[in-house]
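Worksheet: one structure, shown below.
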Amino acid sequence: LNTLSRRDTKAFKKLKKSFADTTIKSRKLRKVTSVKFKDKKRKLIGLKLKD
């Protein structure tokens, strides 16, 4: 790690941060999609119950 230059460590930190941001975003997105899917399922069940 000591062989890395200061600039390289900065770049690495930036990369790590962006990676964390993308994982958080994808997690949020997954949550939203799962909620939408549940709502769809609920609506389908509701339609079935009406019949």
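FYI, the numbering for the sequence shown is 9 to 59, going by the numbering used here. Note that beta-carbon positions come from the ideal geometry of N, C-alpha and C, so glycine has one too.
Length of the line joining the Cα atoms of residue i and residue j
i	j	result
L57	K33	36 Å
R15	G54	58 Å
F20	F27	10 Å
R35	D29	10 Å
R50	T17	49 Å
Delimiting residues of the alpha helix (DSSP H) encompassing residue i
i	result
S34	R14 to K58
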